[in-house]
Amino acid sequence: MANIIHLTSALCVCYCIASSAFVADAGSLNFTFPPDNNFNKASDAVSGGDGHIELTRNGPYSMGWVTYNQSIPLWNSSSRALANFSTHFQFTLGPGNLPTGYGDGLAFFMAPFQLEQPLGAAGGWLGLFNRTSYYGSTYPMIAVEFDTYRNDWDPDDNHVGININSIFSMVYVSLSNQTEPRRPSGEDLKNWENWEAWVDYNGGAMQLQVFLLSNPSGNVNNISKPKNPICSYDIDLRDHLPETIKVGLSASTGNSTETHTIYAWNFSSEYSWESDGNQNSSSVKVILISVFSSFLTVCGFVFGAARWYSGKRKNKLGGDAKEESDSELDELCAQGPR
């Protein structure tokens, strides 16, 4: 019995040591603009005097983007778990200084952290793509576009779309379509009003959602996200992006011009996954728990059987001793007093 107890104790110690290798890595990341000291600006993007960012010049063929200067955890290769995130930004698309109309638009994007803004990305490429990288997984990029110019691949000059590794939108909603039930009030992205946009990703449901709200007052303190998204798309981001990414806002102009102004931007993400550096950590842990549980079950059965057998043996020995004592007493009584 002592050997069983010692063996069980040893296995308990081994189990605790082995389990400690599986560390649950959970955390969150948040940032807010303004201020802009944690952001990188590329090409024509500049900081404004009153705390805003101008993504492009007010002129033809301009492009620029602003990105957060730290990498964002998106998913984990060991546990395959995905993060949840939500981002909100306020922007305006104002009139340009040319009589040729508005163009081209603004986008929120996610990409590999080391990716730089490509050359030749002005015009309809929204500062994200160019003629050699506009389509395909060789240039991983997830974007939500707010498009104000109709190129050959666009439905119109006033739409919101979700783009996967491509300048072509997988899904889109036209804000000019009067019968579109998801269309928010404020019919035109180019109305020079303040727009509030939210982009949410649910890692469990693997769904990307876009919300849009017109905010003429520009006051961000009294707004709330709309109940229903204007656009959504089911997507497993692990199939398109690396484990850590950069996030940013991008814009461009072409023959037509407009201003692309960012007044506020915040981002928050949450993640929870195991990090032991071993691709097979989960299966190893399951096997370890199963073996240990089976051993405890067997030990419990053996211990119970031993206790039962020991108790039965004691009862038998006690009964034999009692019978022997009773026989001696009867013999003494038969002899009588001496």
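Count the sequence shown with mature numbering (1 follows the signal peptide of the UniProt record, and there is no 0) and you get residues -26 to -1, 1 to 312, in order. Quick reminder that beta carbons are idealized off the backbone N, C-alpha and C, glycines included. Just so it is clear, the structure is predicted and the values come from calculations on it, not from any experiment.
Is the CB-CB distance between residue i and residue j below 8 Å?
i      : j      : result
Gly77  : Tyr123 : yes
Glu170 : Ile204 : no
Ala95  : Trp247 : no
Gly68  : Ala225 : no
Val40  : Leu223 : yes
Leu149 : Val173 : no
What's the gap between the Cα of residue i and the Cα of residue j?
i      : j      : result
His62  : Thr106 : 31 Å
Gln44  : Thr235 : 22 Å
Leu163 : Gly70  : 14 Å
Glu167 : Gly192 : 8 Å
Ser188 : Pro216 : 34 Å
Gly23  : Ser17  : 18 Å
Val147 : Gly25  : 31 Å
Gly1   : Glu244 : 6 Å
Leu72  : Ala57  : 43 Å
Tyr113 : Tyr42  : 20 Å
Leu270 : Met180 : Summary for Leu270: the model assigns pLDDT 49, below 50, so the residue's position carries little reliability, and this model does not support an answer.
Gly177 : Ala117 : 17 Å
First and last residue of the beta strand (DSSP E) that includes residue i?
i      : result
Gln91  : Neither: Gln91 is in no beta strand (DSSP E) and is coded neither H nor E.
Asn176 : Trp169 to Asn176
Met84  : Gly79 to Pro86
Lys15  : Phe13 to Ser17
Val147 : Ser143 to Ser148
Gln183 : Gln181 to Ser188
Can you tell which of the options has its C-alpha closest to the C-alpha of residue i?
i       : options                         : result
Asp126  : Pro216, Leu149 and Trp99        : Trp99
Lys220  : Pro8, Thr233, Gln91 and Thr231  : Gln91
Thr30   : Pro9, Ser60 and Thr66           : Thr66
Phe82   : Leu89, Thr74, Arg212 and Met115 : Met115
Asp(-2) : Ser51, Ser36 and Leu149         : Ser51
State buried or exposed for residue i, treating a residue as buried only when at least 16 other CB atoms are found within 10 Å of its CB.
i      : result
Glu154 : exposed
Asn143 : The residue you asked about is not Asn; residue 143 is Ser in the sequence shown. Under this definition Ser143 is a buried residue.
Pro190 : exposed
Gly33  : exposed
Gln64  : buried
Measure from the C-beta of residue i to each C-beta in chain D and report whether the shortest distance is under 8 Å.
i      : result
Ser242 : No chain D is present in this structure, which holds just one protein chain.
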